[in-house]
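So the protein sequences, as listed, match chains A and B.
Here the first sequence stands for residues -3 to 314, where the numbers follow my numbering.
Here the second sequence stands for residues 2 to 444, where the numbers follow my numbering.
In what follows, a single structure is set out as structure tokens and then discussed.
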Amino acid sequence: MSLLYQLFVDPFVQMADAPDLLVQTLWEGFVGGVLYSLIALGFVLIFKASGVFNFAQGIMMVFAALTLVGLHEKGVPAWLALIATIGVMYVLALGVERIVLRPLVNQPDIILFMATFGLTYFLIGLGELLFGGSPKTMITEQLYLPSGALDFKILGGTVSLQKIDIAAAIIALVMVAGLGLFFQKTRIGRALRAVADDHQAALSVGISLNQIWVIVWFAAGIVALATGILWGARSDVSFALQIVALKALPVLILGGLTSIPGAIVGGLIIGVGEKLGEFYWGPIFGGGIESWLAYVIALAFLLFRPQGLFGEAIIERI
Amino acid sequence: MKTTKRTLKILSGAALALALAAPAFAPAAAEDSIYVPLFTYRTGPFGGSGTPIADGMHDYLTMLNERDGGIGGVKLIVDECETGYDTKRGVECYDSVKSKNPVIVNPWSTGITLSLIPKAAVDKIPILSMAYGLSASAKGDVFPWIFNPPATYWDGLSEILKYVGNGSLDNLKGKTLGYLYFDAGFGKEPIPLFQDLSKDLGFTLKLYPVAPADMQNQSAQWLDVRRDKPDFVVMYGWGAMNATAVKEAVKSGFPMDKFISIWWPSEADLTSAGDGAKGFKTLNWHATGTDFPALKDIQKRVVDAGKSLAPASEVGQVLYNHGVYNSMLIAEGIVNAQKLTGKKVVSGEDVRRGLETIDLDAARFKALGLEGFAAPFKLTCADHNSHSATFIQQWDGAKWDKITDPIPAAMDKVQPLLDAAAKSYVEKNAGWPARTEGCDNKS
């Protein structure tokens, strides 16, 4: 079979032959994309408000999920553990603002970026100290998250939708809608957008940068907790989850670092694109193309929109 | 401001002084002790798998110190170095310990092992890569400083395939087998054998690589499985990959009794998948549980005495017992070295000789407090592995059940490839030294 046939004909023949598998692949890509979007959202929130690329977003996800499961293991009821974890993420946001960000105001962006590396290693150490390095099982049942699958006999086969994946999609949509409303309709949200546009102008009209930073890091912490719960339910809760956060990088390249819709759309494009690519074109390359295909997709988009799909074009006078 | 600057100077000075003095506080081999570094990973993405192994290794050696005062009356200095399952950090660990006269090094990573193989002969430090690493290093005549008992990854694959073929590889003709693997040195190791056997025996092989970044994101691989409908899926996974693979298999409805792994999945990998994981199979070569005098000694003298990092529930689990077995091999190498040389404080060169004379028969296992723990085996100068038979164990939802007798490796298929791989290694590494080390155990 010629390479051209394998590349341009065979995948589409497969899609037509087994449409149930195509739908299943699209669904898996959609769910993966939703979760990538959530991770990317955490990055975008912090970057918008403080111009910091938060390298610690991945470990925040692990730390939040570990705190939740760790507290439950120590006998705390699930609902109380969830509230306590939200509290812990607030304390973390407060600590980051006081100890990391405030002393580094007016420092170059690269200094703030490096500080988030430090924060990453601190959270890894603290997490391992408090909860150990062993993987833990996410308390999905105790959190009333659904389990099992919905099987649909359609298109000459079976399409199976995991209930936890459906819940993930709904939770992600609710969070995005909630964050959108918060930023558009509330006073704090408008203040945050002002800070994102121009720090000094925002300061001049009496907006407290410190307060905004705490709110934004807390919001990113909540997003991290939701993502940690949903990824943890698909696998387990371990420090390996922080690697998943790297998947947000092509999403951010694609969607832009400052756009919430960009994070969502970028996540979905990457999620669906990599699953279709791996399933239909992967065998031509020996499989395992998923990990780099996401970057290829993102770079292909960048050829046409260097600022990302929804990112702001940076125009500087020389 | 002045005070702050002064404080900073004092703190900087103190930090520098501590950094310079650090080597003085680091464990080092004293005149009357034997230095045994343990390369472990309790942190990072693979910490979940690395921690129980580290605990098992540490606790067995600590038990020898507590119960017997070490080995032959010489205390063991047990010193962990955290590699994070990262090759670069593993090599840094090696460089940091080699000046302390280690008698052996356990890389606990195929990637690290591959990097250290060329160094071992130069530094005269034997490398023990127990049931992992370079399969060809079983050939002691080519790799006198590398030991990988009791079975190589190639042996393991041939044993799995024999099981799949109901005892005969010939029965594989016409079948489709999937290979789900960690896309790094470890997972790639058996592919040459798998591909050769696929051609020889007439079965179809489907490869499903899992990149380290996608350990917890395997839906694409399991869609491939659903499309290809393999008769069996064979897995060589590690860390979070194993737990995710089992969950995805359950999710996609793949029959668990057709899903079989090399010897690395742990109990924790299975419990998170719930009842759906029942029926999953792995190879193993030793018992699980604590019903052995040596394990009881560990519980009493180390775990209960607060000298272990392991929770009591972890003792006896499969990865913990892998660690115990690993340290038992280290101890045997040292015991044999002491016997061979008449010295109490032995060196790496002595322990290399000791490892080549390992003869763990049933009586020796009993003497070690491990009667029935594992099958007897012996090493020789030419055979650093033993290519031991391993058995299949099946997950019943709470524990492992041994479901087969030990299955011998298909040496008629494995040995020619081992020979060819060893030859190829020597050719690719110009100047690879011919063996000049003496031999205490030719057969």
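We put the beta carbon where it would ideally sit given N, CA and C, even for glycine.
Does any C-beta atom of chain A lie closer than 7 Å to the C-beta of residue i?
i: D215 of chain B; result: yes
i: S273 of chain B; result: yes
i: D184 of chain B; result: yes
i: T245 of chain B; result: yes
i: R302 of chain B; result: no
i: G324 of chain B; result: no
i: P24 of chain B; result: Caution applies to P24 of chain B, whose pLDDT of 44 falls short of 50 and renders its modelled position unreliable; the model cannot decide the point.
i: L206 of chain B; result: no
i: P46 of chain B; result: yes
i: S309 of chain B; result: no
If you measure between the beta carbons of residue i and residue j, is that distance less than 7 Å?
i: V79 of chain B; j: L62 of chain B; result: yes
i: L194 of chain B; j: L135 of chain B; result: no
i: S110 of chain B; j: G91 of chain B; result: yes
i: L202 of chain B; j: L170 of chain B; result: yes
i: Y182 of chain B; j: G175 of chain B; result: no
i: A122 of chain B; j: L419 of chain B; result: no
i: G283 of chain A; j: P231 of chain B; result: no
i: T283 of chain B; j: G317 of chain B; result: no
i: T343 of chain A; j: N206 of chain A; result: Residue coverage of chain A in this structure runs from -3 to 314, which leaves residue 343 of chain A outside it and unanswerable.
Report all residues from its chain with a CB closer than 6 Å to the CB of residue i; omit the five preceding and five following residues, and keep chain order.
i: E286 of chain A; result: E270 and E274
i: G38 of chain A; result: Q53, A216, V219 and A220
i: P15 of chain A; result: L151
i: F26 of chain B; result: A caution first: F26 of chain B carries a pLDDT of 45, below 50, which makes its placement in the model too unreliable to give a value.
i: K140 of chain B; result: A423
i: A250 of chain B; result: F260
i: A168 of chain A; result: V30 and L34
Would you say residue i lies against chain B (beta-carbon separation less than 7 Å)?
i: E24 of chain A; result: yes
i: T136 of chain A; result: no
i: P246 of chain A; result: no
i: V240 of chain A; result: yes
i: E274 of chain A; result: yes
i: D13 of chain A; result: no
i: F118 of chain A; result: no
i: F235 of chain A; result: yes
Keeping to the same chain, check which residues put their C-beta closer than 7 Å to that of residue i; ignore five residues upstream and five downstream.
i: A241 of chain A; result: I35, Q53, G54 and M57
i: F47 of chain A; result: In the sequence on display, residue 47 of chain A carries Gly and not Phe. Here the set comprises D105.
i: V247 of chain B; result: D270, L271, A274, A278 and F281
i: R189 of chain A; result: F179
i: E24 of chain A; result: K271
i: D360 of chain B; result: K379
i: I335 of chain B; result: I35, I72, V104, V347, V352 and G355
i: A186 of chain B; result: One detail in the question is off: residue 186 of chain B reads as Gly in this sequence, not Ala. Around G186 of chain B: T111, G112 and L115.
i: Q219 of chain B; result: V211, T245, A246 and E249
i: D56 of chain B; result: S309, L310, A311, E315, Y321 and G324
Go to residue i, then tell me how far its beta strand (DSSP E) extends in each direction, as first and last residue.
i: A132 of chain B; result: No beta strand (DSSP E) holds A132 of chain B; DSSP gives it neither H nor E.
i: A143 of chain A; result: A small fix is needed here, since residue 143 of chain A is Ser in this sequence, not Ala. First-last for S143 of chain A: undefined, no H or E at that position.
i: P210 of chain B; result: T205 to V211
i: I225 of chain A; result: Counting along the chain, I225 of chain A falls outside any beta strand (DSSP E), though it belongs to the alpha helix (DSSP H) covering L205 to R230.
i: I78 of chain B; result: K76 to E83
i: P38 of chain B; result: S34 to T41
i: T342 of chain B; result: Here T342 of chain B belongs to no beta strand (DSSP E); instead the alpha helix (DSSP H) covers V319 to T342.
i: T177 of chain B; result: T177 to F183
For a contact defined as C-beta to C-beta under 8 Å, what are the partners of residue i on chain E?
i: A212 of chain B; result: The structure shown contains no chain E; its protein chains are A and B.
Check for me: the alpha helix (DSSP H) holding residue i runs from which residue to which?
i: G188 of chain B; result: G186 to K189
i: G157 of chain B; result: Y154 to V165
i: L245 of chain A; result: A244 to G251
i: N243 of chain B; result: A241 to S253
i: V155 of chain A; result: Taken as a continuous stretch (DSSP letters only), V155 of chain A belongs to no alpha helix (DSSP H), being part of the beta strand (DSSP E) at G153 to Q158.
i: M85 of chain A; result: A74 to G91
i: Y1 of chain B; result: Coverage of chain B is limited to positions 2 through 444, which leaves residue 1 of chain B absent and any answer about it impossible.
i: M110 of chain A; result: D105 to F127
Using a Cβ-Cβ cut-off of 8 Å (strictly less than) and excluding sequence neighbours within five positions of residue i, which residues of its own chain qualify?
i: D441 of chain B; result: L341, R354, E357, T358 and C382
i: G304 of chain A; result: L248, I249, L250, G251, G252, L253, S255, G258, G262, F297 and L298
i: L295 of chain A; result: I249
i: Q300 of chain B; result: T291, A313 and V316
Does the ligand SAH have a heavy atom nearer than 6 Å to the CB of residue i?
i: I265 of chain A; result: This structure simply doesn't include the ligand SAH, nor any ligand for that matter.
- Members of the segment 17 to 41 of chain A that neighbour chain B once the beta carbon cut-off is set at 7 Å: L17, Q20, T21, E24 and G28
- Message: Under 9 Å, CB to CB, which of the residues in the segment 120 to 132 of chain A have a partner in chain B?
- Response: Here the close residues are I120, G121, E124, G128, G129, S130, P131 and K132.
- Task: Closer than 8 Å, Cβ to Cβ, to anything on chain B: give me those residues from the segment 156 to 178 of chain A, in chain order.
- Result: Cβ contacts with chain B come from S156 and Q158.
- Message: So if I threshold CB-CB distances at 7 Å, which residues from the segment 190 to 201 of chain B count as touching chain A?
- Response: Hits within the stretch: zero.
- Compile a chain-ordered list of the residues in the segment 317 to 344 of chain B whose CB is closer than 8 Å to at least one CB of chain A. none
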